[in-house]
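The sequence shown begins at 1 in UniProt numbering and counts up one residue at a time.
By construction, the Cβ of each residue, glycine as well, lies at the ideal position given by its N, Cα and C atoms.
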Amino acid sequence: MEIIKTLGEFIIDQQTEYPDASGELTSLFSSIRLAAKILHREINKAGLADIMGSAGEDNVQGEQQQKLDVYANERFKNALAQRGVVCGIASEEEEEFVTFEETKNLDGKYVVLIDPLDGSSNIDVNVSVGTIFSIYRRVSPLGSHVTEEDFLQPGHKQIAAGYVIYGSSTMLVYSTGNGVNGFTYDPTIGVFCLSHPNLKIPADGNIYSVNEGNYIHFPDGVKKYIKYCQEEDTTTNRPYTSRYIGSLVSDFHRNLIKGGIYLYPTSSRYPNGKLRLLYECNPMAYLIEQAGGTAVATTGQRILDIEPTTLHQRCPLFVGSPNMVGKLEEFITEFG
Ligand code: AHM
Ligand code: MG
């Protein structure tokens with residue numbers, strides 16, 4: 001029988017490879033793992049909300065029922081505040097960053113940026129959603145209050161990033177800068193098990209993922225690239241397959257495993273793109289590079305090198321198999 005390695009065991013193994021490791025990152029991951037399990041439980045019964053009482057109404061204990069994205073935000077925030085290793089978080093759900101005031105947290109080395117429930121509009125129709133997280137070492141002195149500079153760091157400074165996908169199975173996929181590993185949750189025993197060790201994205205793929213409803217508003221280079229994806233050419237395996245779930249984590253996860261490209265360009269509706277640099281683009285860019293792929297905002301503009309200026313800034317995103325992103329960059333260079 002094959003030996004199962006749990007996420008907990010995997011993290012401890014990794015820690016022993018770094019004798020100077022203090023265990024703080026291990027503790028941080030325990031918080032994320034716990035919150036992910038709770039979210040898994042809640043998302044799995046989301047369809048029962050109408051039967052059991054919908055958002056905005058009191059549940060049987062007399063507590064206000066919250067929308068799942070608000071609930072997810074609170075869950076992750078509470079879990080991350082518990083262990084004294086995180087001094088503050090920034091969340092797509094919150095206007096301002098949150099500083100954890102307790103003394104033990106002021107000594108925390110890390111800040112976490114999080115999109116607690118990405119693609120949440122998919123919840124109502126029982127389609128996969130996810131949580132995206134990004135971890136940085138703080139730049140402000142230990143013992144002080146967290147500052148905005150702690151969060152406005154370029155993506156290449158991330159020390160870890162990952163996502164949880166609540167799909168047909170729940171999975172946690174993450175990297176600490178030493179490759180990407182995926183763990184599938186077994187709800188019967190309550191543990192994440194290593195199922196996708198050392199994930200590498202194929203250099204080429206035949207899936208393109210984009211909201212084509214916005215086509216008319218895309219830049220010319222992107223339009224031409226989409227047409228290129230649709231043309232017949234047996235030597236390059238075209239036409240490609242179009243797949244778009246509308247949930248970044250799910251589209252990204254599929255492309256990571258099968259090979260493909262995900263595009264969220266600028267458009268007249270979203271002049272800077274729709275996705276958020278800090279909560280969505282940076283962690284996905286970190287993961288894809290760790291898996292051998294590419295993530296750019298435009299030709300030659302590596303996502304991870306962008307200097308952020310505001311917490312919720314948006315950014316175009318082209319991410320996936322390196323040869324596919326390279327081809328797209330050629331089109332943007334030629335046609336803009
Ligand atoms: P959200 O953070 O408000 O959920 O928005 C992000 C989501 C991504 O998951 C997804 O890829 C994208 O928005 C879909 O946008 P669109 O519906 O414009 O195609
Ligand atoms: Mg989001």
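Cα-Cα, which of the options is closest to residue i?
{"i": "I332", "options": "L80, Y286, S30, Y225", "result": "Y225"}
{"i": "Q158", "options": "P116, F335, L287", "result": "L287"}
{"i": "I257", "options": "G155, V173, Y136", "result": "V173"}
{"i": "V325", "options": "G293, N282, Q313, L248", "result": "G293"}
{"i": "E96", "options": "Q313, F318, K45", "result": "Q313"}
{"i": "G182", "options": "V319, L248, A291", "result": "A291"}
{"i": "D69", "options": "A81, V86, A46", "result": "A46"}
{"i": "T299", "options": "L317, L117, F100", "result": "L317"}
{"i": "L275", "options": "E92, D107, T309, I201", "result": "E92"}
{"i": "T188", "options": "D204, P202, L199, S169", "result": "S169"}
{"i": "N211", "options": "K223, D204, E307", "result": "K223"}
{"i": "G213", "options": "S31, Y244, Y71, R238", "result": "Y244"}
{"i": "V148", "options": "G88, H156, G259, F218", "result": "According to the sequence shown, residue 148 is Glu rather than Val. With distances taken between Cα atoms, E148 lies closest to G88."}
{"i": "I4", "options": "G155, N44, L194", "result": "L194"}
{"i": "H217", "options": "H196, Y228, G273, Y208", "result": "G273"}
{"i": "G260", "options": "D118, L142, S321", "result": "S321"}
{"i": "K67", "options": "V85, F100, R83, N122", "result": "N122"}
{"i": "T83", "options": "F100, D186, G167, S140", "result": "Rather than Thr, the amino acid found at residue 83 in this sequence is Arg. The candidate whose alpha carbon is nearest that of R83 is F100."}
{"i": "P141", "options": "P202, V249, D150", "result": "D150"}
{"i": "G190", "options": "L277, M171, A72", "result": "M171"}
{"i": "C281", "options": "I114, R33, L34", "result": "I114"}
{"i": "R75", "options": "A36, E231, E94, L48", "result": "A36"}
What are the boundary residues of the beta strand (DSSP E) that includes residue i?
{"i": "T298", "result": "294-298"}
Could you give the first and the last residue of the continuous alpha helix (DSSP H) run that contains residue i?
{"i": "G84", "result": "Taken as a continuous stretch (DSSP letters only), G84 belongs to no alpha helix (DSSP H), as it is neither H nor E."}
{"i": "T26", "result": "24-44"}
{"i": "E148", "result": "148-151"}
Where DSSP assigns a beta bridge to residue i, which residues make up the other side?
{"i": "S242", "result": "Y208"}
{"i": "R314", "result": "R276"}
{"i": "A285", "result": "According to DSSP, A285 bridges with nothing at all."}
{"i": "V98", "result": "I89"}
{"i": "A161", "result": "S134, S175"}
{"i": "V319", "result": "Y262, A295"}
{"i": "I114", "result": "S91, F133"}
{"i": "Q301", "result": "T298"}
{"i": "T16", "result": "DSSP output for T16 lists no bridge partner at all."}
{"i": "T6", "result": "C193"}
Return yes when the C-beta of residue i is under 7 Å from any heavy atom of ligand 4, and no when it is not.
{"i": "K274", "result": "Ligands present in the displayed structure are limited to ligand 1 and ligand 2, and ligand 4 is not among them."}
Quick test of your reading: residue i and residue j, contact by CB under 8 Å. State the CB separation rounded to the nearest angstrom.
{"i": "Y110", "j": "L28", "result": "6 Å"}
{"i": "P219", "j": "G119", "result": "Incorrect: roughly 24 Å between the Cβ atoms, too far for contact."}
{"i": "E289", "j": "A295", "result": "7 Å"}
{"i": "H253", "j": "I132", "result": "The Cβ separation is near 11 Å, so there is no contact."}
{"i": "S31", "j": "A79", "result": "4 Å"}
{"i": "A203", "j": "N126", "result": "With a Cβ gap of about 34 Å, A203 and N126 do not count as contacting."}
{"i": "P116", "j": "A72", "result": "4 Å"}
In the segment 167-240, which residue ranges form an unbroken alpha helix (DSSP H) of at least 4 residues, counting only runs that do not cross its ends? The alpha helix (DSSP H) runs of length 4 or more contained entirely in the segment 167-240 are, from start to end of the chain, 220-230.
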